[in-house]
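When we follow the numbering used here, the leftmost residue of the sequence shown carries the number 237, and every step to the right adds one.
Only one structure is covered here, and it is reproduced in the block below.
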Amino acid sequence: MEGVLRAQALGYGAGRNAPPRPADRLREPVAPASCDAAAGRPGEREPFGVPAEQEGGSFVYPFSAQEFGRVRELIYREAGIALAPGKKDMVYGRLARRVRARQLDCFADYLALVERGDRQELEQFINALTTNMTSFFREPHHFGILAEHLERQRGRSISIWSCAASSGEEPYSIAMTALEALGSSPPVRILATDIDTGVLAKARAGIYPLDQLQKLPPQQLKRFFLKGEGKNAGLARIREELRRLVSFRRLNLLEEGWPMTGRFDFIFCRNVMIYFDKKTQHELLGRMAARLNPGGLLFVGHSESFHSARELFRICGNTVYALKG
Ligand SMILES: C[S@@+](CC[C@H](N)C(=O)[O-])C[C@H]1O[C@@H](n2cnc3c(N)ncnc32)[C@H](O)[C@@H]1O
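In structure tokens, the structure reads:
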């Protein structure tokens, strides 16, 4: 493979305004307690059995059940993510670095900051609590189905939405499928959105460790990636041919009035609904149905099934739904 990766400025989604807060999600904020009042000085004790974690070797932050409850309320209200009660240790691990980054002594002060409406920290709070696991051609049967449909619709302009795109592997897999099915410069536009500005920056950069690409066949690697050399050894950057098919935007699925105009032929909504409760899932499925063209397809994750949306969609393959009517 040829090509040398050059350092490129990472486009960083500035982040949209905060999502609206649906009335039914609003709750009275819990009165913030100071470090001293809430749980003692850091390191003094280990409340509620949270394992002592040596943060940078020197800090241990108290994290009470009440503070964990506030995190659950906030992330549910802001991103729709329904954190299970058993995730307290995971949340501690993910947010302790934000407490440290803000040079605070405890979670009580950190949560007060986020609850007071510090927009920048709210963005970091959300970024820290999302789970971004993804890979190229994850759930590969979807891409075979997509290729068949693209070939059948050859000649038409096609619009595709990857609505929880994470670090870009999913929308770039869609773009590779389109290029392979339709040849170079296909009339395909892919909108890739996510709530997490950190993963979107990675997606825009389109640079991946080679060991994440091991499962791709050599001809795909050669056609779609530039292998890094020198200080970029061990990395590969996606080629412009692929990059130009995809636009990245920050979008919180919960926000009302999604800003896109027009409808999509395919929506990839994979492995994100599992973080939402049934009510949110149902609302979102209705909104996605309204954004699909007649005959449009919705691809969902392997553990997601939406029997409650039977009036909108019919199942037409393994975790693939077609818009009814
Ligand atoms: C597990 S990843 C799935 C990535 C990809 N779709 C896949 O299946 O490989 C879930 C993604 O959903 C995003 N997410 C979580 N809540 C969201 C929300 N309210 N709006 C938009 N994206 C959200 C996360 O940031 C994360 O990148």
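C-beta atoms are modelled at their ideal positions from N, C-alpha and C, and glycine is treated no differently.
For a test of your reading of the model: does the CB of residue i fall under 7 Å from any non-hydrogen atom of ligand 1? Yes or no.
i, result
"residue 554", "no"
"residue 496", "no"
"residue 430", "yes"
"residue 508", "yes"
"residue 370", "yes"
"residue 413", "no"
"residue 433", "no"
"residue 488", "yes"
"residue 493", "no"
"residue 329", "no"
"residue 338", "no"
"residue 408", "no"
"residue 541", "no"
"residue 390", "no"
"residue 537", "yes"
"residue 374", "yes"
"residue 511", "yes"
"residue 316", "yes"
"residue 437", "no"
"residue 400", "yes"
Who does residue i pair with in a DSSP beta bridge?
i, result
"residue 458", "In the DSSP output, where bridge partners are listed per residue, residue 458 has none listed."
"residue 505", "536"
"residue 558", "533, 550"
"residue 430", "486"
"residue 445", "471"
"residue 425", "395"
"residue 500", "528"
"residue 463", "472"
What is the residue span of the beta strand (DSSP E) that residue i lies within?
i, result
"residue 317", "Note, residue 317: premise wrong, no beta strand (DSSP E); not H, not E."
Throw me the rounded Cβ distance for the residue i and residue j pair, which I believe falls under 8 Å.
i, j, result
"residue 396", "residue 424", "7 Å"
"residue 512", "residue 316", "5 Å"
"residue 499", "residue 468", "In fact, because the Cβ distance is near 40 Å, the residues do not count as touching under 8 Å."
"residue 366", "residue 432", "5 Å"
Where do the ends of the alpha helix (DSSP H) carrying residue i lie?
i, result
"residue 327", "324 to 337"
"residue 413", "405 to 418"
"residue 346", "343 to 351"
"residue 364", "355 to 365"
"residue 383", "377 to 388"
Any heavy atom of ligand 3 inside 7 Å of the beta-carbon of residue i?
i, result
"residue 309", "What this structure holds is ligand 1, not ligand 3."
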